[in-house]
Amino acid sequence: DAIDALRASGDVEGILKRDSWEEKMVANCRSRLAVRPHSSRAVLFYSQHPDGSVDKSSLHGGCPVITDQPKWAANLWAWNSIRGGFPGSPKNEHVVEKNRAANKSPENDQQKHATFINDKS
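The sequence shown begins at 132 in my numbering and counts up one residue at a time.
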C-alpha cells in the first residue's frame with residue numbers, strides 16, 4: 132500500500148501527521164502517474180481541443196515538496212485563436228464578415244507555431 136511505503140521510507144516522519152489528508156495526498160503523488168523533475172526538461176500541458184473546447188484528460192496538479200529543497204515552476208500561457216475547419220468549431224460572425232470583406236480565407240490565418248528543442252544530453 133502506498134501509505135505504508137511512504138511511512139516506511141521515513142521521508143515524512145515528523146513532517147506530516149499520520150492519517151492526515153496531506154499524508155494521503157503525498158502517498159497518491161508517489162503511487163500514480165507522475166513526472167519527476169529533471170534539470171533542463173519541461174512538461175507541456177495542452178488543455179484544448181482544436182474546436183476550443185476544454186480537454187478534460189489534460190487536468191493535472193502539483194505534488195508538495197517534502198524536502199528542504201525549493202520547488203521551481205515557470206508557466207507559459209499561450210492563448211489560441213479559434214481554429215476553423217473542424218467540426219463544431221466556434222465562429223465569431225463579426226470576424227468572419229470582416230475577413231470575408233478583406234478577402235481573407237480561414238486557410239490564410241496567422242497561427243503561431245513553436246518548436247521546443249532540448250539540446251542537452
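Where is the CB? At the ideal position from N, CA and C, for every residue including glycine. Note that the structure is predicted; figures quoted are calculated from it, not measured.
| query | result |
| --- | --- |
| Just to confirm, are Ala158 and Ile134 a CB contact at a threshold of 7 Å? | yes |
| Any chance the region 149-156 sits against the region 166-184, with 3 or more Cβ pairs inside 8 Å? | no |
| Opposite Gln179 in the DSSP bridges: which residues? | Val185 |
| For Ala205, which option in Ser171, Ser140 and Ile248 has the closest C-alpha, if you only look at C-alpha atoms? | Ser171 |
| Does the separation of the CB atoms of Ser188 and Phe176 fall below 7 Å? | no |
| On the premise that Pro195 lies in contact with Met156, defined as a C-beta separation below 8 Å, what is that separation, rounded to the nearest angstrom? | 7 Å |
| Considering Val227, what are the terminal residues of the alpha helix (DSSP H) in which it resides? | Glu224 to Ala232 |
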